[in-house]
Amino acid sequence: MLLILIGVFLSGGVFKKQWPWIFIFSAWFLQALYFFWMARKRFFREGYAVREKDIIHTKGYWLRTQLTVPYNRVQHVEIEQGPLARAFGLGGISVYTAGDSGGDLSISGIEYKEAERIKQFIAQKVGSDE
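Residue numbering for the sequence shown follows this note's numbering, beginning at 34 and increasing consecutively.
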């Protein structure tokens, strides 16, 4: 959209009229509404479960993905929290796995205390499996 606006300012004559501006800002507004709607839909379709032998994470609205990581493949677990997430008491947890299969699991937007609890649980499970 930024490139379109730059093109508008550089093109001159046609855009001295009002209708192109209405079209561009309407498209911009509709795109913003669509992204907000999709983010809301995606939020309600994302979930995770910490089970006895593995952790499972499901996400996506159009393209659903489900990733299951058994505890015996876990290398390490870390908690992430940026400044905005810290302000709201949120965080994320990343579970890194052994091997090069791309089976790393990342869950974002959960309460920080819940992320700490999950990390402790996984560390206990990994420690008891060895």
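By construction, the Cβ of each residue, glycine as well, lies at the ideal position given by its N, Cα and C atoms.
DSSP bridge partner residues for residue i (one or two, in chain order)
{"i": "residue 127", "result": "111, 139"}
{"i": "residue 88", "result": "83, 102"}
{"i": "residue 144", "result": "123"}
Exposure of residue i, with buried meaning 16 or more beta-carbon neighbours within 10 Å
{"i": "residue 104", "result": "buried"}
{"i": "residue 66", "result": "exposed"}
{"i": "residue 124", "result": "buried"}
{"i": "residue 72", "result": "exposed"}
{"i": "residue 138", "result": "buried"}
{"i": "residue 88", "result": "buried"}
For residue j and residue i, the rounded distance between their alpha carbons
{"i": "residue 119", "j": "residue 159", "result": "28 Å"}
{"i": "residue 59", "j": "residue 98", "result": "33 Å"}
Nearest-angstrom beta carbon gap, residue j and residue i [assumed within contact, 8 Å]
{"i": "residue 145", "j": "residue 122", "result": "6 Å"}
Check whether the segment 105 to 112 and the segment 71 to 84 touch, using three or more Cβ-Cβ pairs below 8 Å as the test. no
Taking 8 Å as the threshold, find out whether the segment 140 to 155 comes into contact with the segment 122 to 132 through three or more Cβ pairs. yes
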